[in-house]
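Enquirer:
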Amino acid sequence: MQEIVQYPFTTGINAIFEIPTQTARRLMPKGIETVESNHGVSLIGFTLFDFSESPVGPYQELVVSLYAVPRLGIMEQHPHAAVYPVVVASSCQEARDHAIDLWRLPHFMEDITIEFSASPDGSTMTGTVRCHKGEVILDLTLSHTGSWKPTYQLYQSFQHDETGTYIGVMDMRGMLSEHEENTGTLRLHEHRFFDHLDLSGMDTLPFREMWMREGVESYHELLAMEKPKSNLQHSS
Amino acid sequence: MSTETATNAFVPFTKYDFSNFYFGSGNDVYDTIRSYSQWYEEAFAGGYHIYREPFTSAPGTTISIHSNQGKHLEGLLNFSSYNYLGMAASPIVKEAAAAALDKYGLGASGGPNLSGMFEIHRELEAAVADFKKKEACTTFNSGYAANLGIISGIMRSGDTVFLDQFSHASIIDGAILSKAQTIFFRHNNATDLERKLAAAGGRKLVVVEGVYSMDGDYCNLPDIVEVAKRHGARIMIDEAHSAFVCGENGRGVAEHYGLEDSVDFHMGTFSKALGGIGGYACGDRQFIQYLEAYARSRFFSCTLPPCVSAGVLAALDYTAANPEIRLQLWHNVAYLQNRLKEEGVDIGNSVSQVMPIMVYDDAKVFSMAERFREEGIFLQPVTYPAVSKGKARFRLSVSALHTIEQLEYAAKTISSILAEFNIPCKK
Numbered sequence: 012m013q014e015i016v017q018y019p020f021t022t023g024i025n026a027i028f029e030i031p032t033q034t035a036r037r038l039m040p041k042g043i044e045t046v047e048s049n050h051g052v053s054l055i056g057f058t059l060f061d062f063s064e065s066p067v068g069p070y071q072e073l074v075v076s077l078y079a080v081p082r083l084g085i086m087e088q089h090p091h092a093a094v095y096p097v098v099v100a101s102s103c104q105e106a107r108d109h110a111i112d113l114w115r116l117p118h119f120m121e122d123i124t125i126e127f128s129a130s131p132d133g134s135t136m137t138g139t140v141r142c143h144k145g146e147v148i149l150d151l152t153l154s155h156t157g158s159w160k161p162t163y164q165l166y167q168s169f170q171h172d173e174t175g176t177y178i179g180v181m182d183m184r185g186m187l188s189e190h191e192e193n194t195g196t197l198r199l200h201e202h203r204f205f206d207h208l209d210l211s212g213m214d215t216l217p218f219r220e221m222w223m224r225e226g227v228e229s230y231h232e233l234l235a236m237e238k239p240k241s242n243l244q245h246s247s
Numbered sequence: 080m081s082t083e084t085a086t087n088a089f090v091p092f093t094k095y096d097f098s099n100f101y102f103g104s105g106n107d108v109y110d111t112i113r114s115y116s117q118w119y120e121e122a123f124a125g126g127y128h129i130y131r132e133p134f135t136s137a138p139g140t141t142i143s144i145h146s147n148q149g150k151h152l153e154g155l156l157n158f159s160s161y162n163y164l165g166m167a168a169s170p171i172v173k174e175a176a177a178a179a180l181d182k183y184g185l186g187a188s189g190g191p192n193l194s195g196m197f198e199i200h201r202e203l204e205a206a207v208a209d210f211k212k213k214e215a216c217t218t219f220n221s222g223y224a225a226n227l228g229i230i231s232g233i234m235r236s237g238d239t240v241f242l243d244q245f246s247h248a249s250i251i252d253g254a255i256l257s258k259a260q261t262i263f264f265r266h267n268n269a270t271d272l273e274r275k276l277a278a279a280g281g282r283k284l285v286v287v288e289g290v291y292s293m294d295g296d297y298c299n300l301p302d303i304v305e306v307a308k309r310h311g312a313r314i315m316i317d318e319a320h321s322a323f324v325c326g327e328n329g330r331g332v333a334e335h336y337g338l339e340d341s342v343d344f345h346m347g348t349f350s351k352a353l354g355g356i357g358g359y360a361c362g363d364r365q366f367i368q369y370l371e372a373y374a375r376s377r378f379f380s381c382t383l384p385p386c387v388s389a390g391v392l393a394a395l396d397y398t399a400a401n402p403e404i405r406l407q408l409w410h411n412v413a414y415l416q417n418r419l420k421e422e423g424v425d426i427g428n429s430v431s432q433v434m435p436i437m438v439y440d441d442a443k444v445f446s447m448a449e450r451f452r453e454e455g456i457f458l459q460p461v462t463y464p465a466v467s468k469g470k471a472r473f474r475l476s477v478s479a480l481h482t483i484e485q486l487e488y489a490a491k492t493i494s495s496i497l498a499e500f501n502i503p504c505k506k
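Protein sequence lines, in the order shown, are assigned to chains A and B. Numbering-wise (our numbering), the first sequence opens with residue 12 and increments by one. Numbering-wise (our numbering), the second sequence opens with residue 80 and increments by one.
So this is what it looks like as structure tokens:
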């Protein structure tokens, strides 16, 4: 088993959006299934992190991930959820290399910056993601409920590259506020970041908003996933 | 995985909920079943034991139950049953059911097309059609079977079904079974519906509910009808919680809005206001004829028990002839809503006999449910994923049979227990 690698962060905001399952399936490799919030409706998350520490120092990260069906029978504890990161963008080359080497995460290969700005009353947070040339990629705004609860959630993260498919085991801890009030906003700007990211039919009003403060993301291990024995066929 | 380790993994049980055990891949189906079972053991002990407790009395305004913890609880004030008009144990209904039981026996012993259709079924269908001012009616074994049969009976692959995001599971399952494309619009939001209707071609069906069962709010029918008509979509309304209750003559929310003829397909149940079991579809004769041939949940099921049909028919006849029962229900609804609002209790957007008592905290509702029982009130909590994350609540149902004293006691007790658990009020 690998050593647990920890990534403490000051702010992590995550909004989950509904996306047609047929669109989601086009973004996923065979053998991984989407989780549906409702018939024909899958879920895609946009997460912005401000990491204060990591093996490569502080950095910022945007993760676009689909929610996936967890694989059971391989971990001692039951996972709370599973994700398939479709694309990750980082604020520096070191962070990118680290995540690709260690966790095989697919990356947008340019540096980005994330400007986190809270509203004057602190009730909302906006994350503006820009590429290194200053062009805005997206703006994500969400809110908290006023109730912050200590939270621990165990995730699986499916990774797929030319060497195979892997399951990363990770957890998130921190003070969490979450709700489904449909109050947040996501603006996707015209940018090459989306050139290979078909989000057809995605709703830009969040299904769920999650805001975590003073959190830690911990990667436990990366397991090679056996080839699926099922006859799963995606309708792409 | 050892049992001991697995069991400990689910302590505290509140780290997980039903949503965590629906999906799971792997090489053994039992990976999901076993995990759920281990979690449920903890969840049951932690609070879920308050679900599925058997009643030992009729579902009246006071009930007796055998608790899952081995206690026998007598005389609880019941605010959880659907017995809106008090028909479930009405002497008139019981007498009619008993007479039919004596005449026909227990079951129909056949499906409706071959040997399961009895004269009492035809009488019930005619009575419902007459009450609803529609040409024809057909019945199903449950409301669930009705929605399943209607939607999958008339929609096909290549069609599109538009559903409110808060739709009942039976509506969603009907759409899934139809193989039509299913598109959800935001709750009661005609603007969102219009955007989605505009993007779809082919045959379209919009399905709404008269009263939404977790929130007690009415469907925004005027705007939805207008938008649906403009985009050539047919409209179906599920009046499970509103038929025989809402509208000037009790014909439902479509009557309330004066839009009965603008809705193409009407559905309802016999298990709420009429206190029995079963569902119905009504509309024009062509629609009903088609359903009788293509609604598989009806065609391939044994017909409703004749004694139930007779009881339901008696309940319908009685409530139709005595509208003061419905008026009494609305009097009770107004009284309790006013008192709860005076106490600062958050009842969401309810305008009906279904009232959410908003708690917003999944972790507290089970202890609160226990406290309600200690104070003599049977009130059941609803948590995620049955409602949105962070929208835990008690789902309260008012009956025409509740007395003002019972309603007053409920208002005071609810307010007091919410305060005890530091649930913010609206005062």
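For each residue, glycine too, the CB sits at the ideal point set by N, CA and C.
Any idea what DSSP makes of MET293(B), helix, strand or coil?
Expert: As a first step, residue 293(B) must be located in the second sequence, where it is residue number 214. Three-state DSSP puts MET293(B) in coil, outside helix and strand.
Enquirer: Name the one or two DSSP bridge partners that GLU132(B) has.
Expert: As a first step, residue 132(B) is located in the second sequence; it is residue number 53 there, counting from the start. DSSP output for GLU132(B) lists no bridge partner at all.
Enquirer: Any C-beta of chain A within less than 8 Å: which residues of the region 444-468 of chain B qualify?
Expert: Taking 8 Å as the Cβ-Cβ cut-off against chain A, the residues of the region 444-468 of chain B that qualify are SER467, LYS468.
Enquirer: Please classify CYS103(A): does DSSP put it in a helix, a strand, or coil?
Expert: Taking the first sequence and counting its residues from 1, the one referred to as residue 103(A) is at position 92. Of the three classes helix, strand and coil, the one that applies to CYS103(A) here is coil, per DSSP.
Enquirer: I'd like to know if the region 89-107 of chain B and the region 208-220 of chain A are in contact, where contact means that at least 3 CB-CB pairs between them fall below 8 Å.
Expert: Counting Cβ pairs under 8 Å, fewer than three are found: no touch.
Enquirer: Just the Cα atoms here: how many angstroms apart are MET80(B) and GLU146(A)?
Expert: Taking the second sequence and counting its residues from 1, one reaches residue 80(B) at position 1. Taking the first sequence and counting its residues from 1, one reaches residue 146(A) at position 135. Here the model assigns MET80(B) a pLDDT of 35, short of 50, so the residue's position is not dependable and the matter cannot be decided.
Enquirer: Out of VAL140(A), HIS171(A), TYR163(A), which has the shortest C-alpha to C-alpha gap to PHE205(A)?
Expert: Your numbering for residue 205(A) matches position 194 in the first sequence. It is VAL140(A) whose Cα lies nearest to the Cα of PHE205(A).
Enquirer: Three Cβ pairs or more, each shorter than 8 Å: is that satisfied between the region 136-153 of chain B and the region 458-472 of chain B?
Expert: The region 136-153 of chain B, when compared against the region 458-472 of chain B, does not touch it at the 8 Å Cβ threshold.
Enquirer: Is there a Cβ of chain A sitting closer than 8 Å to that of ARG265(B), yes or no?
Expert: Locating residue 265(B) in the second sequence gives position 186, counting from the first residue. Output row for ARG265(B): interface = yes.
Enquirer: By the DSSP assignment, the alpha helix (DSSP H) with THR270(B) in it spans what residues?
Expert: Numbered from its first residue, the second sequence carries residue 270(B) at position 191. Per DSSP, THR270(B) belongs to the alpha helix (DSSP H) from 269-277.
Enquirer: Would you kindly check if the distance between the Cβ of ASP182(A) and the Cβ of TYR163(A) is under 8 Å?
Expert: Indexing the first sequence from 1 puts residue 163(A) at position 152. Indexing the first sequence from 1 puts residue 182(A) at position 171. Against a cut-off of 8 Å, the Cβ pair of ASP182(A) and TYR163(A) comes out as a contact.
Enquirer: Given this structure, state the Cα-to-Cα distance separating LEU406(B) from THR196(A), to the nearest angstrom.
Expert: For the purposes of this step, residue 406(B) is taken as residue 327 along the second sequence, with counting starting at 1. For the purposes of this step, residue 196(A) is taken as residue 185 along the first sequence, with counting starting at 1. Taking the straight line joining both Cα atoms gives about 45 Å.
Enquirer: Between the Cα of THR124(A) and those of ILE148(A), GLY133(A), SER130(A), LEU116(A), spot the shortest distance and give me the residue it belongs to.
Expert: As a working note, residue 124(A) is residue 113 in the first sequence. Closest by alpha carbon: ILE148(A).
Enquirer: What residues are listed by DSSP as bridge partners for GLN167(A)?
Expert: Mapped onto the first sequence, residue 167(A) falls at position 156. DSSP, once it has assigned bridges, lists ALA93(A), VAL180(A) as partnering GLN167(A).
Enquirer: Buried or exposed: ILE493(B), going by 16 or more other Cβ atoms within 10 Å of its Cβ?
Expert: Walking along the second sequence from the start, residue 493(B) turns up at place 414. Per the 10 Å Cβ criterion, buried.
Enquirer: What do you get for ILE30(A), buried or exposed, if any count of 16 or more other CB atoms within 10 angstroms of its CB means buried?
Expert: If you number the first sequence from 1, residue 30(A) lands on position 19. Per the 10 Å Cβ criterion, buried.
Enquirer: Under 7 Å Cβ to Cβ from PHE127(A), same chain only, skipping five residues before and after it: list those, please.
Expert: For the purposes of this step, residue 127(A) is taken as residue 116 along the first sequence, with counting starting at 1. Same-chain partners within the cutoff: THR22, ASP61, MET136, GLY138.
Enquirer: Does ILE125(A) come out as helix, strand or coil in the three-state DSSP assignment?
Expert: Taking the first sequence and counting its residues from 1, one reaches residue 125(A) at position 114. The answer is strand: DSSP assigns ILE125(A) an E or B state.
Enquirer: Is DSSP giving ASP209(A) helix, strand or coil here?
Expert: If you number the first sequence from 1, residue 209(A) lands on position 198. DSSP places ASP209(A) in coil when its eight states are reduced to three.
Enquirer: Given that HIS190(A) touches chain B, what residues does it touch there, using C-beta distances under 7 Å?
Expert: Numbered from its first residue, the first sequence carries residue 190(A) at position 179. In chain order: LYS468, GLY469.
Enquirer: Are the Cβ atoms of GLU47(A) and THR32(A) separated by less than 8 Å?
Expert: Counting from one through the first sequence, the residue named residue 47(A) turns up at place 36. Counting from one through the first sequence, the residue named residue 32(A) turns up at place 21. Yes, these two residues count as a Cβ contact at 8 Å.
Enquirer: Among GLY347(B), GLY326(B), PHE349(B), THR348(B), which has the Cα closest to the Cα of LEU338(B)?
Expert: As a working note, residue 338(B) is residue 259 in the second sequence. Ranking the options by Cα distance to LEU338(B), first place goes to GLY326(B).
Enquirer: Please state whether DSSP places VAL117(B) in a helix, a strand or coil.
Expert: Against the second sequence, residue 117(B) aligns to sequence position 38. In the sequence as displayed, the identity of residue 117(B) is Gln instead of Val. Three-state DSSP puts GLN117(B) in a helix.
Enquirer: By Cβ distance, which residues of its chain are closer than 8 Å to LEU155(B), with the 5 residues on each side in sequence left out?
Expert: As a first step, residue 155(B) is located in the second sequence; it is residue number 76 there, counting from the start. Excluding residues within five positions, the ones whose Cβ falls inside 8 Å are THR141, ILE142, SER143, ILE144, ARG452, GLY455, ILE456, PHE457.
Enquirer: Note the first and the last residue of the continuous beta strand (DSSP E) segment covering GLN88(A).
Expert: Along the first sequence, read from residue 1 onward, the residue named residue 88(A) stands at position 77. Taken as a continuous stretch (DSSP letters only), GLN88(A) belongs to no beta strand (DSSP E), as it is neither H nor E.
Enquirer: Using a Cβ cut-off of 9 Å, pull out every chain A residue sitting near THR261(B), in sequence order please.
Expert: Here residue 261(B) is taken as the residue at index 182 of the second sequence, counted from 1. By Cβ distance, chain A contributes ASN49, HIS50, GLY51, VAL52.
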